[in-house]
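Colleague: First the structure, which I've put down as structure tokens, then a few questions once you've had a look.
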Amino acid sequence: MIKFLLKGILRDRSRSLLPIIVVSIGVFLTIVMSAWMKGIFTDMIDMNANFTTGHVKIMTRAYAENSNQMPLDLALLGIDELKQNLEKDYPDMEWVSRINFGGLLDVPDKNGETRAQGPAACKAIDFFHNPKEIERMNISKSLVKGSIPKKPGEAIISDEFAEKFGVKLGEDVTLFGSTMNGSMLFKTFTVCGTIRFGMTMLDRGAILMDISDAQLALDMENGSTEILGYFNDGNYDKLKVEEVTNTFNSKYSKENDEFSPQMHKLEEQSGLGDYLAMADGMIGMMITFFVIAMSIVLWNTGLLGGLRRYTEYGIRLALGEEKKHIYKTMIYEAILIGIIGSVLGTILGLGMAYYLQEVGLDFSEMTKNISMMMPPIYRATIFPDLFYIGFIPGLIAMVSGNALAGLTIYKRKTSQLFKELEV
Amino acid sequence: MEIIRIEGMTKRFPVGNGEFTALKNVDLSIAEGEFVGLVGPSGSGKTTLLNIIGSLDTPSDGTATVINQDVSSLSHKQSALLRNIHLGFIFQTYNLLPVYTVYENVEFALLLQNMSATARKKAVMDALDWVGLTDKIKSKPAMLSGGESQRVAIARAMVKKPKIVLADEPTANLDSENSHHILQTMLKLNKELKTTFVFATHDEKVMKYLRRKISLADGKVIADELMQTEKSKQY
Numbered sequence: 000m001i002k003f004l005l006k007g008i009l010r011d012r013s014r015s016l017l018p019i020i021v022v023s024i025g026v027f028l029t030i031v032m033s034a035w036m037k038g039i040f041t042d043m044i045d046m047n048a049n050f051t052t053g054h055v056k057i058m059t060r061a062y063a064e065n066s067n068q069m070p071l072d073l074a075l076l077g078i079d080e081l082k083q084n085l086e087k088d089y090p091d092m093e094w095v096s097r098i099n100f101g102g103l104l105d106v107p108d109k110n111g112e113t114r115a116q117g118p119a120a121c122k123a124i125d126f127f128h129n130p131k132e133i134e135r136m137n138i139s140k141s142l143v144k145g146s147i148p149k150k151p152g153e154a155i156i157s158d159e160f161a162e163k164f165g166v167k168l169g170e171d172v173t174l175f176g177s178t179m180n181g182s183m184l185f186k187t188f189t190v191c192g193t194i195r196f197g198m199t200m201l202d203r204g205a206i207l208m209d210i211s212d213a214q215l216a217l218d219m220e221n222g223s224t225e226i227l228g229y230f231n232d233g234n235y236d237k238l239k240v241e242e243v244t245n246t247f248n249s250k251y252s253k254e255n256d257e258f259s260p261q262m263h264k265l266e267e268q269s270g271l272g273d274y275l276a277m278a279d280g281m282i283g284m285m286i287t288f289f290v291i292a293m294s295i296v297l298w299n300t301g302l303l304g305g306l307r308r309y310t311e312y313g314i315r316l317a318l319g320e321e322k323k324h325i326y327k328t329m330i331y332e333a334i335l336i337g338i339i340g341s342v343l344g345t346i347l348g349l350g351m352a353y354y355l356q357e358v359g360l361d362f363s364e365m366t367k368n369i370s371m372m373m374p375p376i377y378r379a380t381i382f383p384d385l386f387y388i389g390f391i392p393g394l395i396a397m398v399s400g401n402a403l404a405g406l407t408i409y410k411r412k413t414s415q416l417f418k419e420l421e422v
Numbered sequence: 000m001e002i003i004r005i006e007g008m009t010k011r012f013p014v015g016n017g018e019f020t021a022l023k024n025v026d027l028s029i030a031e032g033e034f035v036g037l038v039g040p041s042g043s044g045k046t047t048l049l050n051i052i053g054s055l056d057t058p059s060d061g062t063a064t065v066i067n068q069d070v071s072s073l074s075h076k077q078s079a080l081l082r083n084i085h086l087g088f089i090f091q092t093y094n095l096l097p098v099y100t101v102y103e104n105v106e107f108a109l110l111l112q113n114m115s116a117t118a119r120k121k122a123v124m125d126a127l128d129w130v131g132l133t134d135k136i137k138s139k140p141a142m143l144s145g146g147e148s149q150r151v152a153i154a155r156a157m158v159k160k161p162k163i164v165l166a167d168e169p170t171a172n173l174d175s176e177n178s179h180h181i182l183q184t185m186l187k188l189n190k191e192l193k194t195t196f197v198f199a200t201h202d203e204k205v206m207k208y209l210r211r212k213i214s215l216a217d218g219k220v221i222a223d224e225l226m227q228t229e230k231s232k233q234y
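First to last, the sequence lines map onto chains A and B. Under numbering that gives the first Met the number 0, residues 0 to 422 are what the first sequence spells out, in order. Under numbering that gives the first Met the number 0, residues 0 to 234 are what the second sequence spells out, in order.
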């Protein structure tokens, strides 16, 4: 019987081609949209991880509680030893230290008098020994003029700042602020480059320097505000992060010592956990939407198919096939069509998702005035769930559509068959 | 041996707020191997009677016993089983399944009986041989003439060797030559396989072949006569 039905499906295009096309399109859209949304969310999470949160971040307990104020006096100390231990305990991760602090950037004229001043958002990273940090923050590509700092005393400033105050490469700027111990900070840097990340949040008042310069200026020898951890493969793995965080905190973090280091997961920072939950929720909503929309379309397709096959069902009833059996065969057909359509849609969807993953869409022009941290190029991300996620709307919609349409079989009266079949 | 027995049967249909009586107190008995026609004008109750004999409908009053089974007491499943095993249907408009070949159309009736592939193949080829269509097994219905299509429909009805074949105006869409060919085929099968044929018809061509003619008018049997025509004596 299955072979018989299969022949019918293959030969009757209205039973196969149209539903397969509908299912394939739905599955294709589900896959592409899921990959696209995942890509956007992943890009934004990666960007946050690269610039601020890491896959994990270590701060003192006290600093973590007041991190918005960037309190240097609560920074980590003894970071060299801590990093050595981290590298030993978690060899599949890379550990980098950074210092974030605020200040006032002063631009002197040729007489040494203040020509312009502006708030500075300072970020000190390991320019001299860790090229991965430069790559991670996309600094080389974001440089507008000049080069990255190559020797102590050099800094990159925001191109916007440089343009506004007419600062040229090679000129000196002075950073005012306070050191870790509360003393006044005066540190002069030579501008070796200007930078534009393309995100207002990062570009406004940005000044980047090597961490050794910052440690020296801030009296923070062997200290940093944070140590960030990244998995060597670049992928954020929730389970691994959970394990790393738990083992680290149980070993190093002490509740009664506010200066003890404490590790924080990415999703615990900046509301990224809610963001991840929202991403999953939106993907779930999208799949639900496609299931409902496709079910309605396939219900109608099933109804049309039912009308076209009215005679066939009549003959089958007359020949002694039970209504229940006819209904069951309809469902089997729907499952078969659903699987074929889902496989086809999944292949096409993955192909498109791969293209969008590799090439992406450039929205930098549209997002240049947005102050949120957003990537300029949006890409899809292929993730394992994509290989089966399309089967949910594909199969459910096809089967539920046909199940609804097939209910008409139960309403059919066998006493009318002679009349119905003699049209 | 009696194969169909109808006693005091009435069939009423709801029409608007009232009822329409299609069959009124019908008594009838048909023996195994008969070649019988239900004859009468439109609205006389032929198709309703055929429906009830075919367990597609049930009487409002009285009883209809088909192959020792009371049609009124059968569940949907039992009715379907009765049709599946013992009854064959031939329709005016052939009703072949267009996407399947001649062979597959005939085979379909056996698929519902879970017959083995080998037995099925033999039965289908035998049935197509009876109707003279073994050379058309791979043809689709669209490639057949009206006569050929009706012969496929006969093969489909006969392939499971049913005890009773019910045919509603089987020659209405056929020309004279094809009608005779079809009726001769059915008469031959009636003779060889002892299958009981019950026709609903008002076609004069069919009447020439009948051995028994039951005339209906306004839902009542008004005449029940044995026929002795030249055609009916052929087999």
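All C-beta atoms, glycine included, are put in the ideal place defined by N, C-alpha and C.
1. Relative to the ligand SAM, is the shortest distance from any of its heavy atoms to the C-beta of A:Tyr274 smaller than 7 Å?
2. For B:Val130 versus B:Leu143, is the C-beta spacing smaller than 8 Å?
3. Under 9 Å, CB to CB, which of the residues in the stretch 312-323 of chain A have a partner in chain B?
4. Report the neighbours of B:Arg211 on chain A: residues whose CB is nearer than 7 Å to its CB, in chain order.
5. Please tell me whether A:Val398 and A:Gly344 are closer than 8 Å, where the distance is taken between their beta carbons.
6. Name, please, each residue of chain B whose Cβ falls closer than 7 Å to the Cβ of A:Arg10.
7. Is A:Phe289 close to chain B? Criterion is C-beta to C-beta, closer than 8 Å.
8. Taking buried to mean at least 16 other C-beta atoms within 10 Å of its own C-beta, is B:Ser54 buried or exposed?
9. Just the chain A side, please: which residues come within less than 7 Å of B:Asn16 by C-beta, in chain order?
10. On the three-state DSSP scale, how would you describe A:Asp361?
11. Could you check the C-alpha separation between B:Pro169 and B:Val197 for me, to the nearest Å?
12. Going by CA-CA distance only, name the one from B:Ile3, B:Gly36, B:Gly17 that's closest to B:Leu209.
13. Could you confirm whether any beta carbon from chain B is found closer than 8 Å to the beta carbon of A:Lys239?
14. Are the C-beta atoms of B:Asn67 and some chain A residue less than 8 Å apart?
15. Identify the residues that DSSP records as bridge partners of A:Lys122: which are they?
16. If distances are taken between C-alpha atoms only, which option among A:Pro375, A:Asn129, A:Gly389 comes closest to A:Thr287?
17. For A:Leu104 versus A:Gly204, is the C-beta distance shorter than 8 Å?
18. Whose CA, out of A:Glu332, A:Ile376, A:Ala161, A:Asp88, lies closest to the CA of A:Leu16?
19. Rounded to whole angstroms, what's the CA-CA distance from A:Glu242 to A:Asn248? Just pull it up for me.
20. So, with DSSP's three-state summary, where would you put A:Met32?
21. In the DSSP assignment, find the alpha helix (DSSP H) that holds A:Met164 and state where it starts and stops.
22. Indicate whether A:Gly348 and A:Phe27 have their beta-carbon atoms separated by less than 8 Å.
23. Does the beta-carbon of A:Leu184 have 16 or more other beta-carbons within 10 angstroms, so that it is buried, or is it exposed?
24. Tell me the DSSP secondary structure of A:Ala216 in three-state form.
25. Which one or two residues does DSSP pair with B:Arg211 in a beta bridge?
26. Name the chain A residues that come within less than 9 Å of B:Lys76, Cβ to Cβ?
27. Could you tell me whether any Cβ in chain B is nearer than 8 Å to the Cβ of A:Ser414?
28. Taking A:Phe188 as the reference, give the member of A:Glu170, A:Phe258, A:Ala161 with the closest Cα.
29. Please name the residue in B:Ser43, B:Gly42, B:Asn67 whose C-alpha comes closest to that of B:Ile52.
30. Could you check whether B:Ala171 and B:Gln91 sit closer than 8 Å to each other, using their CB atoms as the reference points?
31. Once DSSP output is grouped into helix, strand and coil, what is the label at A:Thr59?
32. Taking all protein chains shown into account, decide if A:Glu86 is buried (16 or more other Cβ within 10 angstroms of its Cβ) or exposed.
33. Under the three-state reduction of DSSP, which class applies to A:Val398: helix, strand or coil?
34. Please identify the residue among B:Val220, B:Glu203, B:Ala166, B:Ala116 whose C-alpha is closest to the C-alpha of A:Leu416.
35. Could you give the C-beta distance for B:Glu224 and B:Lys212, rounded to a whole number, given that I count them as a contact under 8 Å?
36. My output table needs one value for B:Ile66: the three-state DSSP class, helix, strand or coil.
Modeller: In short:
1. Looking at this structure, you won't find the ligand SAM or any other ligand, since it has none at all.
2. Their beta carbons are not under 8 Å apart, which means B:Val130 does not touch B:Leu143 by this criterion.
3. Per Cβ criterion, the list reads Gly313, Ile314, Arg315, Leu316, Ala317, Leu318, Gly319, Glu320, Glu321, Lys322, Lys323.
4. What B:Arg211 touches in chain A, judged by beta-carbon distance under 7 Å, is nothing: the nearest beta carbon there is about 21 Å away.
5. It is not a contact, given that the beta carbons lie outside the stated cut-off.
6. Within 7 Å Cβ-Cβ: Val98.
7. No - not a single Cβ of chain B is within 8 Å of the one on A:Phe289.
8. A residue is called buried when at least 16 other Cβ atoms come within 10 angstroms of its Cβ; B:Ser54 meets this threshold and is buried.
9. Against chain A, the beta carbon of B:Asn16 has no neighbour under 7 Å; the closest one sits roughly 20 Å away.
10. Strand, per DSSP.
11. About 11 Å.
12. When each option's Cα is compared against that of B:Leu209, the closest is B:Gly36.
13. Answer no: the Cβ-Cβ gap between A:Lys239 and chain B never drops below 8 Å.
14. Taking 8 Å as the threshold, the shortest C-beta distance from B:Asn67 to chain A does not fall below it.
15. DSSP lists A:Asn99, A:Leu207 as partners of A:Lys122.
16. Nearest C-alpha to A:Thr287: A:Gly389.
17. Cβ distance < 8 Å, so A:Leu104 and A:Gly204 count as in contact.
18. Put simply, of A:Glu332, A:Ile376, A:Ala161, A:Asp88 the residue whose alpha carbon is nearest the alpha carbon of A:Leu16 is A:Glu332.
19. Distance between the alpha carbons of A:Glu242 and A:Asn248: 10 Å.
20. In this structure, A:Met32 counts as helix in the three-state DSSP scheme.
21. Per the sequence shown, residue 164 of chain A should be read as Phe rather than Met. Residues 158-164.
22. Against a cut-off of 8 Å, the Cβ pair of A:Phe27 and A:Gly348 comes out as a contact.
23. Looking at its Cβ environment, which holds 16 or more other Cβ atoms inside 10 Å, A:Leu184 is buried.
24. Residue state, collapsed to three classes: helix.
25. Beta bridge pairing from DSSP links B:Arg211 with B:Val35, B:Leu225.
26. Taking a Cβ-Cβ threshold of 9 Å, the residues of chain A close to B:Lys76 are Glu321, Lys323, in chain order.
27. At least one CB of chain B lies nearer than 8 Å to the CB of A:Ser414.
28. It is A:Glu170.
29. Checked all of B:Ser43, B:Gly42, B:Asn67; the closest Cα to B:Ile52 is B:Asn67.
30. A distance below 8 Å separates the beta carbons of B:Gln91 and B:Ala171.
31. A:Thr59 sits in a strand when the DSSP states are folded into three classes.
32. Looking at its Cβ environment, which holds fewer than 16 other Cβ atoms inside 10 Å, A:Glu86 is exposed.
33. Note: A:Val398 maps to helix in three-state DSSP.
34. B:Ala166 is the residue among B:Val220, B:Glu203, B:Ala166, B:Ala116 whose C-alpha sits nearest the C-alpha of A:Leu416.
35. A Cβ-Cβ distance of about 5 Å is found for the pair B:Glu224 and B:Lys212, placing them in contact under the 8 Å criterion.
36. It is coil, neither helix nor strand.
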